[in-house]
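In the working numbering, the protein residues as written are 361 to 580.
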């Protein structure tokens, strides 16, 4: 899913960098001290899972785990994935510095989108929760492959065949990620269900944090 340097046009790179910067800013704003350890662990998991890859033209195919990252972190998926991509680019020349923005968007934006789409299903019956988790893992890779393909198409129309090849090559990864996400969510629901935050729970947590900050400010 990583796109190498020297492939994409400047407008695509700039747009990707702007979206990644905005997403990272929102993610950092929504991340409090209690969640930093979780963000670090999932960033490391993404780093390891996506490091083993198969090159496909200007991109690559590999596990991503962005569905799991999205379900557990929400908007914090942006800084988590960006951090891992920076380390991969610096130490393994995987991806690149100029493509950090667009690569972050390719993998983090679907994670956040799937968080909003599928996290409400995790509070339903086990069968529905499993289906939602599978769909989250599947769609997070699907959406990422679509964004990667579009970034190639917006750069050069001649990349059409390559874009289709990149998207099609990720079909097995979509299925694998769906299964892994479903098993992972099922395991967490049994041993540590509080890790699976929902949209409503995140809003409540943010309200409590704001109230706590306002009380501390008033006391001072």
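Backbone N, C-alpha and C fix where the C-beta goes; we use that ideal spot for every residue, glycine too.
> Which residue from 481, 463 and 543 puts its Cα closest to that of residue 378?
Replying inline: Counted from its first residue, the chain shown places residue 378 at position 18. Per the Cα distances, 463.
> If you follow the beta strand (DSSP E) that residue 420 is part of, which residue opens it and which one closes it?
Replying inline: Working through the chain shown from its first residue, we reach residue 420 at position 60. That run of the beta strand (DSSP E) goes 419–422.
> Do three or more CB pairs link the region 473–480 to the region 423–431 at distances below 8 Å?
Replying inline: Contact annotation: the region 473–480 touches the region 423–431, with at least three C-beta pairs closer than 8 Å.
> My guess is that residue 416 and residue 525 are in contact by the Cβ rule of under 8 Å, so how many angstroms apart are they, rounded?
Replying inline: Counted from its first residue, the chain shown places residue 416 at position 56. Counted from its first residue, the chain shown places residue 525 at position 165. Approximately 6 Å separates the beta-carbon atoms of residue 416 and residue 525; this is inside 8 Å, confirming the contact.
>> I need the boundaries of the beta strand (DSSP E) containing residue 415, first residue and last residue.
In response: Against the chain shown, residue 415 aligns to sequence position 55. 413–416 is the span of the beta strand (DSSP E), which, as asked, contains residue 415.
>> Does the structure place the region 489–499 close enough to the region 455–469 that three or more beta carbon pairs sit under 8 Å?
In response: No: fewer than three Cβ pairs fall under 8 Å.
>> Tell me which residue opens and which closes the alpha helix (DSSP H) that residue 498 is part of.
In response: Here residue 498 refers to the residue found at position 138 of the chain shown. DSSP places residue 498 inside the alpha helix (DSSP H), whose first and last residues are 486–515.
>> At the level of alpha carbons, what is the spacing between residue 522 and residue 554?
In response: As a working note, residue 522 is residue 162 in the chain shown. As a working note, residue 554 is residue 194 in the chain shown. Taking the straight line from one Cα to the other gives about 42 Å.
> With burial defined as no fewer than 16 other Cβ atoms inside 10 Å of the residue's Cβ, what is the status of residue 372: buried or exposed?
Replying inline: In the chain shown, counting from the first residue as 1, residue 372 sits at position 12. Answer is buried; the Cβ neighbour count reaches 16.
> Relative to the C-alpha of residue 389, which residue among 439, 528 and 540 is closest?
Replying inline: Here residue 389 refers to the residue found at position 29 when the chain shown is read from its first residue. For the residues 439, 528 and 540, the minimum Cα distance to residue 389 belongs to 439.
> Relative to the C-alpha of residue 492, which residue among 515, 446 and 541 is closest?
Replying inline: What you label residue 492 is simply residue 132 of the chain shown in a count that begins at 1. Taking only the C-alpha atoms, the option nearest residue 492 is 541.
> Where does residue 430 fall in DSSP's three states?
Replying inline: For the purposes of this step, residue 430 is identified with residue 70 of the chain shown, where counting begins at 1. Three-state DSSP puts residue 430 in a helix.
> Beta-carbon separation of residue 454 and residue 411 under 9 Å?
Replying inline: Indexing the chain shown from 1 puts residue 454 at position 94. Indexing the chain shown from 1 puts residue 411 at position 51. The answer is yes: Cβ separation under 9 Å.
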